[in-house]
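Chemist: Structure incoming, see below.
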């Protein structure tokens, strides 16, 4: 099974409950079709770089999962059919991206290096 990462942007007109319900719907779809969800990260409401469907903000959500390759086309078809999703992007991760994501989840990048001023 290949490891993938998908980011979806939900319309900002949704309430928090409906946004969570939509995300749960797609997580359930993945697990029911043989995928293993590794990590989910809800980025919340963010400003878009450019307007999409005349909207300047959107709810962002990232999901990292392992799945067979034929599941991706089914997942993206479900994304296209759902009117609550403005944009989505699914990428296959290579070994370097997988290692980077594992380090990021473990907090390796959050540690601040010691400086001479901090030591005094």
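In my numbering, the protein residues as written are 32 to 151.
By construction, the Cβ of each residue, glycine as well, lies at the ideal position given by its N, Cα and C atoms.
All values reported here derive from a predicted model rather than from experimental measurement.
(1) Kindly list the residues whose CB is nearer than 7 Å to the CB of residue 122, restricted to its own chain and excluding five residues on each side of it in sequence; keep chain order.
(2) If you reduce the DSSP assignment to three classes, tell me which class residue 140 lands in.
(3) Which word fits residue 108, buried or exposed, when buried means at least 16 other C-beta atoms lie within 10 angstroms of its C-beta?
(4) Helix, strand or coil for residue 58 per DSSP?
(5) Residue 97 lies in the beta strand (DSSP E); which residues open and close that run?
(6) Straight-line CA distance for residue 59 to residue 50?
(7) How is the alpha helix (DSSP H) around residue 107 delimited, first residue to last?
(8) In the structure shown, what three-state DSSP assignment does residue 121 receive?
(9) Which one of 96, 141 and 105 has the shortest CA to CA distance from residue 128?
Modeler: With the given structure in hand:
(1) 35 and 36
(2) coil
(3) exposed
(4) helix
(5) 86 to 98
(6) 14 Å
(7) 101 to 112
(8) strand
(9) 96
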